[in-house]
Amino acid sequence: GNSVTQMEGPVTLSEEAFLTINCTYTATGYPSLFWYVQYPGEGLQLLLKATKADDKGSNKGFEATYRKETTSFHLEKGSVQVSDSAVYFCALSGNGGSNYKLTFGKGTLLTVNP
Amino acid sequence: EAGVAQSPRYKIIEKRQSVAFWCNPISGHATLYWYQQILGQGPKLLIQFQNNGVVDDSQLPKDRFSAERLKGVDSTLKIQPAKLEDSAVYLCASSPPAGGPGEQYFGPGTRLTVT
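Chains Z and E, in that order, give the protein sequences. First residue of the first sequence: 3, per the working numbering; consecutive thereafter. First residue of the second sequence: 84, per the working numbering; consecutive thereafter.
Printed below as a string of structure tokens:
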């Protein structure tokens, strides 16, 4: 079955530091890949996505590239802000009909200090 | 546009009691999902509805969990009887008829504590 493995947290960084959160996946076929974010006290929100190999998803300064050869979708940001403190989830889904259900990783808590 | 609504936001019950959660998806969204998020883990799909029909309930513990979406709009998830390991946040999500991969909109969740 499908599964997602992401970097264990928590991750603590200083403002303006570089962020990488690793994510690898196991799936049949050609899944779509996502990063979701959960800010304190809020619901899950889609941060970015990539639907085919070599696609790069980007949003709010975050980016991730769909690497089929390494089955990876690492999240990066060049300069984090205090407001980026949140839990980040890597996820995948199939590419059609009922296969749009999401399989999530365990989440990585990011804390950014001023 | 109003988001996905869930109630209650918090619930504390004793083991062996029953509990029900309610979800109102975004207007016009045909697909509705219920996820269980145990502390320290990612959300796990319990059940997926397309309109008022069940598409996937393979991970729903059917001996104690049930869900319905009678008119293809609101949905209710019930646990009867609850166990300690059911303590989790229950998330409802919906997606539009022509939504693509990952286009799911999540509600704030209901935090259940079973004592």
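Yeah, the Cβ is synthetic: ideal placement off N, Cα and C, and Gly gets one too.
Between which two residues does the beta strand (DSSP E) carrying residue i extend?
{"i": "E/Arg194", "result": "Thr193 to Val197"}
{"i": "E/Ser90", "result": "Ala88 to Ser90"}
{"i": "Z/Leu46", "result": "Leu46 to Ala52"}
{"i": "Z/Gln8", "result": "Ser5 to Gln8"}
{"i": "Z/Asn24", "result": "First-last for Z/Asn24: undefined, no H or E at that position."}
{"i": "E/Ser101", "result": "Unbroken run through E/Ser101: none, as it is neither H nor E."}
{"i": "E/Gln199", "result": "Residue 199 of chain E falls outside the range modelled here, since chain E spans only 84 to 198, and no answer is possible."}
{"i": "Z/Val114", "result": "Thr110 to Asn115"}
Write down the C-beta distance between residue i and residue j rounded to the nearest angstrom, noting that I regard them as a contact closer than 8 Å.
{"i": "E/Thr114", "j": "E/Ser178", "result": "5 Å"}
{"i": "Z/Ala93", "j": "Z/Thr105", "result": "6 Å"}
{"i": "E/Thr193", "j": "E/Phe104", "result": "5 Å"}
{"i": "E/Ile162", "j": "E/Val102", "result": "5 Å"}
{"i": "E/Gln119", "j": "E/Cys106", "result": "That pair is no contact at about 13 Å."}
{"i": "E/Ala150", "j": "E/Ile121", "result": "About 18 Å; that fails the 8 Å criterion."}
Quick one: does residue i have its CB under 7 Å from some CB of chain E?
{"i": "Z/Asp107", "result": "Looking at the sequence provided, one finds Gly at residue 107 of chain Z rather than Asp. Cβ-Cβ to chain E under 7 Å: yes for Z/Gly107."}
{"i": "Z/Lys58", "result": "no"}
{"i": "Z/Leu48", "result": "yes"}
{"i": "Z/His51", "result": "Reading off the sequence shown, one finds Lys at residue 51 of chain Z, where the question assumed His. Yes, Z/Lys51 lies at the interface with chain E (some Cβ there is under 7 Å from its Cβ)."}
{"i": "Z/Lys70", "result": "no"}
{"i": "Z/Phe75", "result": "no"}
{"i": "Z/Lys54", "result": "no"}
{"i": "Z/Gly31", "result": "no"}
{"i": "Z/Gly11", "result": "no"}
{"i": "Z/Tyr102", "result": "yes"}
{"i": "Z/Ser87", "result": "no"}
{"i": "Z/Gly1", "result": "In the structure as shown, chain Z starts at 3 and stops at 116, and residue 1 of chain Z therefore has no counterpart that could be examined."}
{"i": "Z/Ser16", "result": "no"}
{"i": "Z/Ser5", "result": "no"}
For residue i, would you say it is in contact with chain Z, using Cβ-to-Cβ distances shorter than 7 Å as the test?
{"i": "E/Phe104", "result": "no"}
{"i": "E/Phe148", "result": "no"}
{"i": "E/Gln142", "result": "no"}
{"i": "E/Phe189", "result": "yes"}
{"i": "E/Pro126", "result": "yes"}
{"i": "E/Gln100", "result": "no"}
{"i": "E/Gly185", "result": "yes"}
{"i": "E/Gln119", "result": "no"}
{"i": "E/Gln163", "result": "no"}
Identify which residue in the options has its Cα closest to the Cα of residue i.
{"i": "Z/Ser87", "options": "Z/Tyr41, Z/Thr28, Z/Gly31 and Z/Tyr32", "result": "Z/Tyr41"}
{"i": "Z/Pro116", "options": "Z/His76, Z/Glu18, Z/Lys54 and Z/Gln8", "result": "Z/Glu18"}
{"i": "Z/Cys80", "options": "Z/Asn4, Z/Thr22, Z/Gly11 and Z/Gln8", "result": "The amino acid at residue 80 of chain Z is misidentified as Cys; the sequence shows Gly. Checking every option, the nearest Cα to that of Z/Gly80 belongs to Z/Thr22."}
{"i": "E/Pro108", "options": "E/Ser141, E/Gln133, E/Lys145 and E/Asp139", "result": "E/Gln133"}
{"i": "E/Pro58", "options": "E/Gln142, E/Gly111 and E/His112", "result": "Nothing can be reported for residue 58 of chain E, as the shown portion of chain E is limited to 84 through 198."}
{"i": "E/Gln100", "options": "E/Asp139, E/Gly185 and E/Ala165", "result": "E/Ala165"}
{"i": "Z/Tyr27", "options": "Z/Thr113, Z/Val114 and Z/Lys108", "result": "Z/Lys108"}
{"i": "Z/Val84", "options": "Z/Gly59, Z/Tyr32, Z/Asp56 and Z/Val13", "result": "Z/Val13"}
{"i": "Z/Asp57", "options": "Z/Thr7, Z/Glu71 and Z/Glu44", "result": "Z/Glu71"}
If you scan the segment 115 to 175 of chain E from start to end, which runs of the beta strand (DSSP E) of 3 or more residues do you find wholly inside it? 127 to 133, 136 to 139, 148 to 151 and 158 to 162
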